[in-house]
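Colleague: Shown below is the structure under consideration.
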Amino acid sequence: MAFFLGLVTTACFYEIYPIPFMETGRLLAVFDNWASELIVFMTLWCVYLLLFKQLTHRRQQRIHQALTGAELWSTLERAMEEKDVEAAVDALNAHLERRKLKGIAGALAFQRIATALRAAPTLREKEALISVLSSEAEIENRRLEGSFTILQVFIWAIPILGFIGTVHGIGTAVSEFSEFIRTAEGGAGLSTQMRTALAGVTGGLALAFNTTFLALVMVIPVMLLTTLLQKSQEELLLAIEGFVLDRLLPRLR
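Okay, so the sequence shown: first residue is 1434 according to this note's numbering, each after it adds one.
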């Protein structure tokens, strides 16, 4: 979905190009080449990926907040008095459904609490339960790191695209100048030939510098947003871990 939306947004951007309210010149020239189109597309792809991850993260945060409220404890205690683990998990699920929350089954906080409730009757010592929960926390941390792999690849690839455009532009400029040197003729037409060659050279250099500039500018917000979102998700995992170990385990019998 992020790939499709990035592609459509890029196509719409270049369909209305040049932008009517922008003055022609340096700013518009930055976008007017094949490398810049790829850079814009990859940046928009990253932005949509971050948007979808942020929406999922916000849903996880809301479920975590709902599970840490005082109302939850009365629900869990009534369910645990019946010594039926699945009844306690169902009560947990019903508590979240009453709050009209979505994605309950895939929520990290719900999964961790459900795991603690299901594992507690089968483990004789609390240290064994802590070990099981710590192992699951380590798996979640690895999964979190893996979920940002594609974004890290894009953060690396966008500047590389800019450098590829730079190399291509410099190569074009050198090729144009070499062609001029090889085919230059004396006489009255020399001035015209030189102007044509210089136009090709400057065009290649413009491509070189524009792509590098655009890539470096585009990658900065992607890096910033990725870092902030990853840090927020790591803090949520730590909050869930602290809730389970410090508040839930002491209440389990």
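In this text, a Cβ means the ideal position worked out from N, Cα and C, and glycines have one as well.
When you compare only the Cα positions, how much space is there between L1681 and P1654?
Modeller: On the sequence shown, residue 1681 is found 248 positions in, with the first residue counted as 1. On the sequence shown, residue 1654 is found 221 positions in, with the first residue counted as 1. The alpha-carbon atoms of L1681 and P1654 are separated by roughly 39 Å.
Colleague: Can you confirm whether the stretch 1477-1484 touches the stretch 1563-1582 when touching is taken to mean that 3 or more C-beta pairs between the two stretches lie within less than 8 Å?
Modeller: With a cut-off of 8 Å, the stretch 1477-1484 and the stretch 1563-1582 do not count as touching, because too few Cβ pairs lie within range.
Colleague: Pick helix, strand or coil for F1581, following the three-state DSSP scheme.
Modeller: Here the question's residue 1581 lines up with position 148 in the sequence shown. Reduced to three states, the DSSP call for F1581 is coil.
Colleague: Is it right to say F1485 is buried, meaning 16 or more other beta carbons lie within 10 angstroms of its own, or is it exposed?
Modeller: If you number the sequence shown from 1, residue 1485 lands on position 52. Exposed, since its Cβ has fewer than 16 Cβ neighbours within 10 Å.
Colleague: Buried or exposed for S1568, going by 16 or more other Cβ atoms inside 10 Å?
Modeller: Residue 1568 sits at position 135 when you count from the first residue of the sequence shown. When all chains shown are included, S1568 counts as exposed.
Colleague: Check whether the stretch 1581-1590 and the stretch 1552-1564 are in contact - that is, three or more C-beta pairs closer than 8 Å.
Modeller: no
Colleague: Going by DSSP, what residue range makes up the alpha helix (DSSP H) through L1525?
Modeller: Taking the first residue of the sequence shown as position 1, residue 1525 is located at position 92. Element bounds for L1525: V1518 to R1531.
Colleague: If you count every other CB in all the chains shown that lies within 10 Å of the CB of L1488, and 16 or more means buried, which is it?
Modeller: Here residue 1488 refers to the residue found at position 55 when the sequence shown is read from its first residue. L1488 comes out exposed.
Colleague: Determine, using beta carbons only, whether L1471 and L1647 come nearer to each other than 8 Å.
Modeller: Position 38 of the sequence shown, counted from the start, is the residue given in the question as residue 1471. Position 214 of the sequence shown, counted from the start, is the residue given in the question as residue 1647. No.
Colleague: First and last residue of the alpha helix (DSSP H) that includes M1475?
Modeller: As a working mapping, residue 1475 is identified with position 42 in the sequence shown. Per DSSP, M1475 belongs to the alpha helix (DSSP H) from W1467 to L1500.
Colleague: Can the beta-carbon of V1677 be found closer than 8 Å to that of A1549?
Modeller: By one-based count along the sequence shown, residue 1677 stands at place 244. By one-based count along the sequence shown, residue 1549 stands at place 116. Yes.
Colleague: Straight-line CA distance for A1435 to A1444?
Modeller: The count along the sequence shown starts at 1 and reaches residue 1435 at position 2. The count along the sequence shown starts at 1 and reaches residue 1444 at position 11. Approximately 14 Å between the Cα atoms of the pair.
Colleague: Can the beta-carbon of T1644 be found less than 8 Å from the beta-carbon of G1604?
Modeller: The residue given as residue 1644 occupies position 211 in the sequence shown. The residue given as residue 1604 occupies position 171 in the sequence shown. Pairing T1644 with G1604 gives a Cβ-Cβ distance that is not under 8 Å.
Colleague: Roughly how many angstroms lie between the CA atoms of L1392 and L1670, to the nearest whole one?
Modeller: For residue 1392 there is no data in the structure shown, the boundaries of the chain being 1434 and 1686.
Colleague: Does DSSP classify L1647 as helix, strand or coil?
Modeller: The count along the sequence shown starts at 1 and reaches residue 1647 at position 214. Helix, per DSSP.
Colleague: Could you please give the first and the last residue of the uninterrupted alpha helix (DSSP H) stretch that includes A1552?
Modeller: The count along the sequence shown starts at 1 and reaches residue 1552 at position 119. It spans L1541 to A1552 - the alpha helix (DSSP H) in which A1552 sits, taken as one unbroken run.
Colleague: Once you ignore the five residues that flank A1542 on each side, which residues in its own chain have a CB closer than 6 Å to its CB?
Modeller: In the sequence shown, counting from the first residue as 1, residue 1542 sits at position 109. Counting only Cβ-Cβ distances below 6 Å, and skipping sequence neighbours, we find I1496, H1497, L1500 and I1673.
Colleague: Comparing alpha-carbon positions, which option in P1683, E1668, F1437 and R1684 lies nearest R1491?
Modeller: The residue you call residue 1491 lines up with position 58 of the sequence shown. Measuring from the Cα of R1491, the nearest candidate turns out to be E1668.
Colleague: Is K1535 helix, strand or coil when you go by DSSP?
Modeller: The residue given as residue 1535 occupies position 102 in the sequence shown. Correct three-state label for K1535: coil.
Colleague: Return helix, strand or coil for P1592, following the three-state DSSP convention.
Modeller: Residue mapping note: residue 1592 aligns to position 159 of the sequence shown, counting from 1. Three-state result, P1592: helix.
Colleague: Could you spell out where the alpha helix (DSSP H) holding V1441 opens and where it closes?
Modeller: Reading the sequence shown from its first residue, position 8 is the one you call residue 1441. Residues A1435 to E1448.
Colleague: Measure the C-alpha to C-alpha separation of Q1666 and V1473 and round it to an integer number of angstroms.
Modeller: For the purposes of this step, residue 1666 is identified with residue 233 of the sequence shown, where counting begins at 1. For the purposes of this step, residue 1473 is identified with residue 40 of the sequence shown, where counting begins at 1. In this structure, the CA atom of Q1666 is about 27 Å from the CA atom of V1473.
Colleague: Among A1547, A1538, G1539 and V1650, which has the Cα closest to the Cα of A1520?
Modeller: Against the sequence shown, residue 1520 aligns to sequence position 87. Looking at the Cα atoms, A1547 is the closest of the given residues.
Colleague: Is R1545 buried or exposed, if buried means 16 or more other CB atoms sit within 10 Å of its CB?
Modeller: Residue mapping note: residue 1545 aligns to position 112 of the sequence shown, counting from 1. By the neighbour-count rule (16 or more Cβ atoms within 10 Å), R1545 is buried.
Colleague: Mark G1439 as exposed unless 16 or more other C-beta atoms lie within 10 angstroms of its C-beta, in which case mark it buried.
Modeller: Residue numbering aside, residue 1439 sits at position 6 when the sequence shown is read from its first letter. Of the other Cβ atoms in all chains shown, 16 or more fall within 10 Å of the Cβ of G1439; this residue is therefore buried.
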